[in-house]
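Here is the structure we will look at.
In the numbering used here, the protein residues as written are 8 to 266.
Right, dumping it as structure tokens:
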């Protein structure tokens with residue numbers, strides 16, 4: 008890949024692999040599509056992390072309470088994590104977000120409202136919702152495991168001292184979940200940087216570059232425009248950016264573990 012990134016390698020012109028140095032990198036990094044893809048990648052990762060962490064904490068607290076059928080409920084909550092990304096995206100696209108006969112459209116019609124075309128009007132937010140639905144069970148499982156390791160005597164003592172439920176959450180439960188939250192952020196970020204199937208199945212990176220992330224941009228450059236050299240340069244850039252993020256997050260985890 009590194010070798011191809013320094014060549015003019017186009018699948019439509021086999022055998023003409025001229026060495027062009029850093030020209031592919033210059034083209035890729037100055038392409039307006041790169042900045043749009045980088046922004047979309049950051050928004051996608053950030054949006055999914057916020058939804059999964061907040062939702063994961065709430066679900067973990069709910070599932071930690073004694074209830075009838077607790078085991079069945081936990082299995083149902085975790086189930087989306089085992090659905091393949093392509094299948095999940097197709098289900099959301101055709102069964103939920105379809106503006107004509109989707110579930111959300113039928114609910115809107117039942118309430119006398121105009122159906123909303125999610126993938127056309129809010130494409131990136133729709134992708135974030137689909138991906139967050141897939142990764143919410145993972146965050147819930149990690150946070151639930153951490154929450155169950157919390158000593159119940161601390162909560163009982165705080166309750167006897169007059170601490171409100173909100174006070175117990177912010178001063179006891181949330182600090183206890185800090186390490187688990189950091190682990191969730193690290194693992195999800197690494198995987199979310201390479202989200203591809205959901206975008207390919209639902210929007211194909213559009214409309215325009217509205218849902219194109221760096222991974223999809225590399226795919227489009229290499230296999231849609233047949234520019235393997237430019238796509239290879241984009242792949243190297245993507246790997247460098249992913250490693251920078253991973254090193255930063257690993258250091259953050261190291262600091263939290265030292266604490």
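No residue lacks a Cβ here, since even glycine has one placed at the ideal position from N, Cα and C. These numbers were taken from a predicted model, which means no experiment stands behind them.
Query, Result
"Proximity to residue 53 [Cα-Cα], best of 224, 247, 220 and 183", "220"
"Nonlocal neighbours in the same chain, by C-beta distance under 6 Å from residue 92, ignoring five residues either side", "204 and 205"
"First and last residue of the uninterrupted alpha helix (DSSP H) at residue 167", "159-167"
"Counterpart residues of residue 33 in DSSP-defined beta bridges", "Note: residue 33 sits in no beta bridge, so no partner."
"Assigned exposure category for residue 168 - 16 Cβ within 10 Å defines buried", "exposed"
"Alpha-carbon spacing of residue 74 relative to residue 59, whole angstroms", "23 Å"
"Simplified DSSP state of residue 25, which is helix, strand or coil", "strand"
"Which of helix, strand or coil DSSP assigns to residue 72", "coil"
"Contact check, residue 6 vs residue 121, beta carbons under 8 Å", "Given that the chain is displayed from residue 8 to residue 266, the structure contains no residue 6 and the question cannot be resolved."
"8 Å Cβ cutoff met for residue 196 and residue 260", "no"
"Proximal residues to residue 266 (C-beta, below 8 Å), its chain only, five neighbours per side dropped", "At residue 266, the pLDDT of 46 sits below 50, so the modelled position is not reliable and the matter cannot be decided from this model."
"Continuous alpha helix (DSSP H) assignments of at least 4 residues falling wholly in the stretch 179-226", "185-199, 204-209 and 221-226"
"Member of 176, 131, 152 and 251 whose CA lies at the smallest distance from the CA of residue 207", "131"
"The stretch 102-117 touching the stretch 166-182, judged by at least three CB pairs closer than 8 Å", "no"
"Where residue 140 falls, given that 16 or more other Cβ within 10 Å makes a residue buried", "buried"
"Start-end ranges of the alpha helix (DSSP H) lying completely within the stretch 57-125, minimum 4 residues", "77-85, 92-98 and 110-117"
"Beta-carbon separation (whole angstroms), residue 96 vs residue 218, contact threshold 8 Å", "Going by Cβ atoms, the distance from residue 96 to residue 218 rounds to 12 Å, so no, they are not a contact pair."
"Segment limits, alpha helix (DSSP H) that includes residue 155", "130-155"
"Residue(s) in a DSSP beta bridge with residue 234", "17"
"Residue from 149, 70 and 22 with nearest C-alpha to residue 194", "149"
"Euclidean distance between Cα positions of residue 17 and residue 31", "12 Å"
"Span of the alpha helix (DSSP H), counted from its first residue to its last, around residue 171", "Run containing residue 171: none; DSSP gives neither H nor E here."
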